[in-house]
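A short worksheet on the structure shown next.
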Amino acid sequence: MQIVKEKKTATKTKKTITISGAEAIIHCLLAEGVDLLYGYPGGAIMPVYDELYKFQDKLTHILVRHEQGATHAAQGYARVSGRVGVAMATSGPGATNLVTGLADAQIDSTPLVCITGQVPRHLLGSDAFQETDIIGISTPVTKWNYQITTAAEIPEIMAKAFYIAKSGRPGPVLVDITKNAQFEEFEFSYEKCTGVRSYNPTPKPSEEAIAAAAKLINSAKKPFIVWGQGVILGKAEEQLKALVEKAGVPAAWTIMGASALDTAHPLNVGMVGMHGNYGPNLLTNECDLLIAIGMRFDDRVTGRLEDYATQAKVIHFEIDPAEIHKNVHADVAVLGDAKESLELILPLVHANSHEAWHNVFKEKYQIEFDTVIKNDIHPTKEGLTMGEVIEEINIASGHNAVIVTDVGQHQMIGCRYAKFNQSKSNITSGGLGTMGFALPAAIGAKMGAMDREVVAVIGDGGYQMTIQELGVIFQHKVPVKIVVLNNDHLGMVRQWQELFFEKRYASTVMVNPDFVKIAEGYHIEAKRVSERKDLKETVQKMMASKEPYFLEVKVEKEANVFPMIPSGASVSEIRLQ
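Just so we're aligned: the sequence shown equals residues 2 to 578 in the numbering used here.
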């Protein structure tokens, strides 16, 4: 592909210096504004680490305890900061350990640049020590990848990597660099990439599509907005709010879109999806217009596709043409950046209220509150619930914390009940559902937003998948708050076994270690709570602390997350119990 570079004036000459490929990597990172990266050294990437040592005053490297932790930490950093996350690893197992994080970032549209070392060019294909075909392995889970075999390629490829990672629909890029290319010297100069031929990351919205969408919105009697992470990635939060308020449309979110609109906004009607709110799910099949903004109609949102919103006209605002008509046919597709598209349609939309229609959502919420919510966050039973823990965090944080959830029951409870008053506050593994995501992602999130409280909410299963990253918290004094909701089970799997496999709890009981002692072994203040009388005070103490803090809460072992849409069912078949 042809690279389009920044224009230079006729009188300006490019500044070149003769340096090694390894040093060139560092200069490329600095030119892209990178000041923080996560990684784990090894033989094939050693020359770059040697140069990194010389630039410690400009570029901070965080030594993770496993390469997967590097990608998840870079994801958390990217999701909170809006910048490109950077991770680095050696060849062979170092590179393959990045793959889960790459896949997670790919499906959740997170901008990453991952750099891997590789055996020297003359050894490629020889099954040399720690050689793997990371380009072939990572191709399905990256937005783009490339293997550098000569030092002279480095500036152009690195510039292209950062451009592709952050442009349009963001995603992960992997650059593999042979060891000979790291040692070779060449004349280095750097120009940022501003375009790639045949790659159109941000399509221009069609005037005809905008007009057609506005016409449908103005004529609808029961319009319904579902927004996703595209609103956050496109920095379109204010435009979303303006559309919701002007058109008077009830609006719900996917888990990746949470926090784009204040949780307390009167037209924010909650979460859609398998464990989303009752009203938004049920009423998806009663609206006459479904307005999808920056979401991809994932199966966890739609349930059985052939029964999803078949009565409604559909408007799909989307930046990625591959998502248009992929799962749900759009009557009007508005292809383009969410912010630009919403700004164009706002003047054409009539002011409205749809009060009667909004009241239907309120009625459904009351049903859900009486049957589910009050028992989750204001329980009268003896055992502690996950929901009441989240509610105490809400109160103690003033709805202003970044909540990083792992995957499982606690994730669904956290996404359902966490309250947010600013964007980029909900960090979770959405499309891939990666257990072990939360602890390293919370480390990255805190480093990307040092002025905000970051709380990792994790289950006892997922916690032990990346528990070694407590070493990063200890070594670098990262003041994250860690809450493990311990039910001594793989809770979500156990729930499915109870509901659909006649309570055959196959391999879901966890015999856990003493989590408090483990945290204390890393010199992290830690406490365990098992009674309601101790919960509020302990959560408040945790949130007031300026240091890392670990809290284990012993919750009910056999509690279930409801509402729930059974796998393969319609959104209309949502269960309250």
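Even glycine gets a Cβ: it sits at the ideal position worked out from N, Cα and C.
Return the CA-CA distance between residue i and residue j, expressed in angstroms with no decimal places.
| i | j | result |
| --- | --- | --- |
| PRO202 | GLU192 | 20 Å |
| MET565 | MET272 | 12 Å |
| HIS477 | HIS317 | 44 Å |
| GLU185 | ALA152 | 6 Å |
| GLY22 | LEU125 | 18 Å |
| VAL458 | LEU552 | 10 Å |
| GLN498 | SER508 | 10 Å |
| GLY409 | GLY492 | 7 Å |
| LYS167 | GLN240 | 21 Å |
| PHE56 | TYR523 | 28 Å |
| VAL270 | VAL512 | 39 Å |
| LYS534 | VAL390 | 12 Å |
| LYS382 | PRO480 | 34 Å |
| LEU60 | PRO48 | 16 Å |
| THR12 | TRP254 | The predicted model places THR12 with a pLDDT of 38, which falls under 50 and marks its position as unreliable, so this point remains unresolved. |
| VAL554 | ALA32 | 45 Å |
| ASN98 | ALA104 | 11 Å |
| ILE368 | GLY280 | 9 Å |
| THR303 | GLY274 | 7 Å |
| MET544 | VAL456 | 9 Å |
| PRO112 | ALA237 | 18 Å |
| LYS375 | LEU291 | 29 Å |
| VAL567 | LEU268 | Sequence inspection shows Pro at residue 567; the Val mentioned does not correspond to that position. If you take the alpha carbons of PRO567 and LEU268, they lie about 27 Å apart. |
| GLN3 | ILE396 | Because GLN3 sits at a pLDDT of 39, beneath the cut-off of 50, its placement in the model cannot be relied upon, and the point is left open. |
Beta-carbon separation of residue i and residue j under 9 Å?
| i | j | result |
| --- | --- | --- |
| ILE20 | ILE116 | no |
| SER260 | PHE501 | no |
| GLU307 | LEU536 | no |
| LEU440 | ILE525 | no |
| ALA182 | ILE136 | no |
| LEU262 | ALA252 | yes |
| GLN131 | GLY44 | yes |
| VAL174 | THR140 | no |
| GLY432 | ASP299 | yes |
| ALA221 | LYS314 | yes |
| VAL517 | ARG529 | yes |
| PHE189 | VAL114 | no |
| SER571 | ASN286 | yes |
| ASN219 | LEU349 | yes |
| ALA442 | ARG66 | no |
| GLY86 | ALA96 | no |
Note the first and the last residue of the continuous alpha helix (DSSP H) segment covering residue i.
| i | result |
| --- | --- |
| CYS29 | 22-32 |
| HIS524 | First-last for HIS524: undefined, no H or E at that position. |
| PHE56 | Looking at the DSSP string, PHE56 is not in any alpha helix (DSSP H), and its letter there is neither H nor E. |
| MET413 | 410-418 |
| MET448 | 439-449 |
| ILE108 | 100-108 |
So residue i is in the beta strand (DSSP E); what residue range does that whole segment cover?
| i | result |
| --- | --- |
| GLU324 | From DSSP, GLU324 is part of no beta strand (DSSP E); its letter is neither H nor E. |
| ALA560 | Per DSSP, ALA560 belongs to no beta strand (DSSP E) and is neither H nor E. |
| ASP177 | 173-179 |
| LYS161 | Counting along the chain, LYS161 falls outside any beta strand (DSSP E), though it belongs to the alpha helix (DSSP H) covering 155-167. |
| PRO224 | 224-228 |
| MET272 | 269-272 |
| VAL403 | 403-406 |
| THR117 | 113-119 |
| GLU188 | 186-189 |
| LEU38 | 37-41 |
Would you decide whether residue i is buried or exposed? Buried here means 16 or more other CB atoms lie within 10 Å of its CB.
| i | result |
| --- | --- |
| VAL510 | exposed |
| MET89 | buried |
| MET451 | exposed |
| ASP515 | exposed |
| VAL176 | buried |
| LYS161 | buried |
| GLY229 | buried |
| THR14 | Its pLDDT being 46, under 50, THR14 is placed unreliably in this model, and the value from its coordinates should be taken loosely. Under this definition THR14 is an exposed residue. |
| GLN496 | buried |
| THR133 | buried |
| LYS16 | exposed |
| SER546 | exposed |
| GLU52 | buried |
| ASP338 | buried |
| ARG198 | exposed |
| LYS340 | buried |
| TYR78 | buried |
| GLY399 | exposed |
| LYS363 | exposed |
| PRO94 | exposed |
| GLY235 | buried |
* Asked: Of all the alpha helix (DSSP H) runs that stay within the bounds of the stretch 283-313, which reach a length of 4 or more residues?
  -> 300-303
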